[in-house]
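Residue 129 in our numbering sits at position 129 of the sequence shown, with consecutive numbering throughout. Since the structure comes first, as C-alpha cells, the remarks are kept for the end.
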Amino acid sequence: MTEFASYCCFLLLSLVLANAARSNSTGHYHECPHDKLPKKFLVRTHLEVSYKSEAAKTLAVAGRNEPFNQPIRINLHYNFTFLGVLSETKQQQVKTIMSQVKENLESILTVRRTPSPLRLRRHCVSNDEVILTGPTEPCLHQCSTKSVICDAFPVPSEHLQRCVQCNGDSSNCVEAYSDGPGIEADLALYVYGIDVNCDEGTIAYATACQLEDRYDRPISGIINFCPSDINDAEHVFKVAKHEIFHVLGFSDNLYPWYRDERGNPRTHRDANGNPPTDANGKYIAAENTVKTVVINDWQTRFGTMTKTVTQLVTPKLVEVGKHHFNCDTLEGVQLEDQGGSGTAGSHWEKRLLNYEAMTGVISENLAFSSFSYALLEDSGWYKVDYSKASILVWGRGDGCGYVTGSCGGYIDSKRRQNEPIAPFCDFFTDDDHHPQNLKCNIDRTAVAFCNLVDNYLYVASYVSIPREYQYLNSGENFDSSAYRLPFYGGFVQSADFCPYYLDLLREAPRGICRKGIPLTANNEAAETYGPRSRCVDHSEKWQITNGSNTYTAKYSAGCYEYQCSNSAVTIMILGQSYTCSKAGQVIKIDQTTNDVRYRGGIVCPSCVEICYDDFTNCPEAAKLYRELASPTPSKSVGNPTSSTASVQSSTSSTVTAGSPTSSTVTAGSPTSSTVTAGSPTSSTVTVESPTSSIVSVGSPTPATDSAGNLLPMVNLLLAAIFASFIINY
C-alpha cells in the first residue's frame with residue numbers, strides 16, 4: 001500500500017470512528033483540559049494595604065497569623081465581546097449558572113481579608129520585569145498596551161495596577177499607567193465563551209492567573225465556556241464548579257505555593273519568594289505537600305509488582321482519608337496518574353475515589369466531598385464549612401488494603417473471605433444476552449453494568465493492557481483459558497482499568513434514578529424515576545403478563561421510590577409499599593397495575609446502603625458517614641454521591657408481600673437530589689464504554705447499529721484498515 005493510500009485509510013478510519021463515538025454518546029461528560037493549559041501565566045501580585053494603624057501595618061507586613069475573617073467574595077466579570085459568540089439564551093444560561101456557583105462557594109469558603117480594592121498586575125512586553133526592592137516590579141522595556149491576564153484573556157483596564165517601564169534603562173523608570181479603581185473582591189473571575197482549546201467533549205476550562213504576594217492565594221482566574229457544548233444546565237453547573245476548584249487551589253501548578261496553618265510556606269522559597277524549580281523550569285512542591293511513594297504489594301494476575309504513585313500528604317487531607325477509608329496508617333491520598341497532561345496530577349485517583357467530583361473522569365452523580373474541601377483548607381488559603389460537603393460512598397470503610405494496593409489484590413482478598421467484591425466486579429455484561437448482570441451502582445443512584453470489557457475491540461493499537469493493570473485470571477463468566485486475557489479489564493483507563501459498576505447510560509436518561517422521566521410504556525421493571533428514587537436489585541428476572549402475553553423482563557434492577565424510618569427501609573413500587581425487615585431479605589412481588597401483572601422479587605438494601613444521607617432516619621449512616629463536621633440532608637450540596645460501603649447480610653430470607661401497604665411518603669422521606677444553586681459539580685476526562693455513553697476524545701469507538709449493538713463486519717473492516725495503516729505507514 002502506498003504512503004498516500006495508507007494516509008487516506010487513516011483519515012477514513014478517523015472519520016468513521018469519530019462518527020461512531022458521537023452516535024454512541026447520549027449522556028453528559030466533559031474532558032477537563034486544565035493541566036493542558038500553559039503554566040507560564042501564573043504571576044504574583046503585590047496588593048497595596050490601606051493602613052489605619054501602625055499595629056495593622058505591622059501585622060500585614062509580617063504576613064503571619066492573620067485571621068480568616070470573611071467569606072470569600074467572588075467578582076464575576078463577563079466579557080461581552082467574547083461571550084458574543086454564544087447565543088443570548090446560552091449567555092443567560094452561563095450567567096445563571098455562574099451566579100449559582102458563586103453563591104455556593106461564598107457560603108463554603110472563608111479567607112483572610114484581601115486589601116481593598118483588588119488590582120491585578122499589567123503584563124510587561126516579553127514578560128521582562130526588573131526585580132527591585134519594593135512593591136512594584138518595573139518592566140525593563142515597556143508595559144504591555146494590552147489589558148490581559150493569562151497572556152491572552154482581556155480584562156478591563158480599570159482592574160489593573162499602575163505599571164512602571166524603564167525603556168531598557170533600570171535607572172530611569174517612569175510610570176506608564178496609573179492605578180485603576182480596582183474591584184472589591186477576594187477573587188476576580190473572568191468569564192469567556194470563545195472557541196479556543198475547545199476539543200470535542202470539552203464544556204469549559206479554567207485556570208488561576210495571578211497570586212497575591214502575602215500568602216500566594218489565587219486572586220484572579222479565567223473560565224471559558226466552549227460555545228458548542230453548553231446545553232444541559234445541570235451538567236454545565238457541575239463542570240463549572242469543578243473547573244473553579246482548579247482556580248482555587250486544586251492544581252499541580254499551585255501545590256508549590258501552599259501555606260501551612262500559620263501562613264508559612266510549605267515549600268522553601270528563594271530570595272524572591274519563589275519555590276524551587278525542576279529541570280524544565282516548573283515549580284515543584286516540597287515532600288511535606290506532594291510525595292512520590294512506591295507500592296511494593298501491587299497485585300496482578302502475574303503476581304506482585306511495584307507501582308510508583310504520587311500522593312498529597314497535607315494534614316487535614318490525611319485526616320479525612322484515614323477516617324473515610326478506615327485506615328489509620330494512611331500517609332497520603334493518591335493523585336491521578338492516568339489521562340496524560342489533561343488529567344494527571346490535578347485530580348484524585350479514580351480507582352480510589354470514583355464519583356468524587358474532582359476525579360478526572362466523572363459520571364452523572366458527583367460528590368464534592370470532604371476530600372476536596374480538605375485540600376482547599378490545606379492550601380493555607382481558606383477555611384471551609386465541612387457541613388456543606390456531600391457524602392462520598394465509594395471506598396468508605398474499605399480499609400488499608402483497598403487504598404494502598406491494586407483492585408486486583410482487593411478482589412482476591414474479598415474472594416478468599418467469601419465476601420462481595422464491590423465496588424468492583426468480574427463479569428462481562430452483554431445487555432442483550434445477560435440482562436441479569438445489570439445491578440445497582442455502588443451508591444444506588446443508577447442502574448449499572450460491570451464495565452469489564454475485552455479492550456482489544458476498543459484500543460486502536462491492539463496492544464494489551466499494561467501488565468501492572470492486568471488483574472484477572474478468571475471471573476464470574478470466564479476462566480484462565482480465555483483467549484485474550486491480556487486485554488480483559490475495566491473500560492475506564494483512569495481507574496487503572498479496574499472493572500466496576502458503571503451507570504447504564506446508553507438509554508439515558510433511563511437508568512439515572514433521580515431524573516424524572518415518564519415510563520408509561522414498556523415499563524418492564526415497574527420503575528418510578530424522580531428525586532426520591534434510588535436503585536434496588538431484583539432477586540430474579542421478573543415475569544410480565546400483559547393480556548395473554550407473558551415474557552421475561554430484560555432488566556435485573558430498577559429505580560424505585562424509597563424512604564427510611566427508624567432504620568427500616570420501605571420501597572414503593574407503582575403505588576404499593578414493601579417494608580424490609582433486614583438487609584438481604586428477598587421480598588416477592590406479585591402486583592397488577594393497569595392490567596399488567598409483575599411477578600418477581602427485590603433484594604432489600606440496608607438503610608445505610610440506600611439512606612446514607614438521612615442521618616435522622618438511619619442512625620447507622622450517621623455513625624459510618626459522619627465527617628469532620630456533621631452533614632445533614634438539608635445542608636448537603638446537591639446530589640449526595642459516591643460509592644457505597646455495602647452492608648450486606650450473609651443470609652437472605654424471602655417474604656411474600658401479599659398485602660402491600662400505602663405508599664404515602666412521610667415528612668422524613670429523603671429529599672430531592674436535583675441540582676440546585678449549591679449542587680456539587682464536576683468535570684471529566686471522557687472515556688467510552690460499549691454500553692455507556694461516555695466518549696473518549698481520540699479513542700476509537702466500535703460502530704453500532706441503531707440499538708447500540710456492535711456491527712461485526714464494520715468493525716472487522718475498520719480493524720483491517722487500521723492494521724494496514726500500522727503496517728504500511
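For glycine and all other residues, C-beta sits at the position ideal for the given N, C-alpha and C. Please read all numbers here as calculations on a predicted model, not as lab measurements.
I'd like to know whether the C-beta atoms of residue i and residue j end up nearer to each other than 7 angstroms.
i, j, result
"G201", "V85", "no"
"R396", "C535", "no"
"A448", "D398", "no"
"H538", "A568", "no"
"Y190", "I222", "yes"
"K322", "L312", "no"
"I573", "Y562", "no"
"L352", "V403", "yes"
"R266", "T289", "yes"
"E349", "Q334", "yes"
"Q161", "R121", "yes"
"D213", "V111", "no"
"I230", "V236", "yes"
"F424", "N477", "no"
"V155", "K241", "no"
"I465", "N473", "no"
In whole angstroms, what is the alpha-carbon distance linking residue i and residue j?
i, j, result
"G475", "V361", "25 angstroms"
"S157", "I74", "19 angstroms"
"G584", "V603", "6 angstroms"
"W746", "S480", "Nothing in the structure corresponds to residue 746, since the chain is present only between 1 and 729."
"N523", "Q543", "12 angstroms"
"I183", "R217", "17 angstroms"
"K146", "V125", "9 angstroms"
"P117", "S363", "40 angstroms"
"S99", "A622", "32 angstroms"
"T656", "I589", "Confidence in T656 is poor, its pLDDT being 46 and thus under 50, which makes the residue's placement unreliable; the coordinate value appears in the next sentence. C-alpha separation (whole angstroms): 7 angstroms."
"Y205", "V196", "10 angstroms"
"A279", "E336", "22 angstroms"
"S220", "Y255", "17 angstroms"
"A179", "V393", "According to the sequence shown, residue 179 is Asp rather than Ala. Cα to Cα, D179 sits roughly 50 angstroms from V393."
"I97", "T550", "48 angstroms"
"T616", "I391", "15 angstroms"
Go through its chain and collect everything with a Cβ distance to residue i's Cβ below 7 angstroms, but skip five positions before and after it.
i, result
"G490", "N451, L452, F497, C498, P499, Y500"
"V384", "I108, L109, Y373, L376, E377"
"C173", "P138, V164, Q165, C166"
"K291", "Q311, V313, G332"
"R599", "W542, Q543, I589, D590"
Can you list, in chain order, the residues of its chain with a C-beta nearer than 8 angstroms to that of residue i? Leave out the 5 residues immediately preceding and following it.
i, result
"D595", "N546, G547"
"T300", "S406, G408, R467, E468, Y469, Q470, Y471"
"E620", "S567, S606, C607, V608, V647"
"L624", "R396, G397, V608, Y612, A645"
"L304", "In the sequence as displayed, the identity of residue 304 is Thr instead of Leu. The residues are N296, D297, W298."
"F302", "R467, Q470"
Output needed for residue i: all residues of its chain with C-beta closer than 6 angstroms, excluding positions within five of it in sequence on either side, in chain order.
i, result
"G273", "none"
"T661", "Confidence at T661 is low in this model, with a pLDDT of 40, below 50, so the placement of that residue is unreliable and no value is reported for it."
"I512", "E364, A446"
"F225", "V94, G193, A204"
"Q493", "Q338"
"R597", "T545"
"K90", "I230"
Hey, could you find the ends of the beta strand (DSSP E) residue i is sitting in?
i, result
"N296", "290-300"
"H159", "No beta strand (DSSP E) holds H159; DSSP gives it neither H nor E."
"F68", "68-71"
"H77", "74-78"
"M305", "303-312"
"A374", "Taken as a continuous stretch (DSSP letters only), A374 belongs to no beta strand (DSSP E), being part of the alpha helix (DSSP H) at 370-378."
"A622", "Here A622 belongs to no beta strand (DSSP E); instead the alpha helix (DSSP H) covers 619-625."
"V174", "174-177"
"G489", "488-490"
Could you pull the start and end residues of the alpha helix (DSSP H) that residue i belongs to?
i, result
"H242", "233-248"
"D503", "Element bounds for D503: not the alpha helix (DSSP H) but the beta strand (DSSP E), 501-503."
"G321", "315-325"
"C604", "From DSSP, C604 is part of no alpha helix (DSSP H); its letter is neither H nor E."
Handout entry: Complete runs of the beta strand (DSSP E) confined to the stretch 182-217 [at least 3 residues]
Key = 187-192, 204-212
query: Unbroken alpha helix (DSSP H) runs of length 4 or more, entirely within the stretch 516-599: which are they?
result: none
| Curious, which full-length alpha helix (DSSP H) runs of at least 4 residues does the stretch 383-465 contain? | 400-404, 407-416
Let me know the alpha helix (DSSP H) ranges lying completely inside the stretch 85-155, each 4 residues or longer, listed in chain order.
-> 88-106
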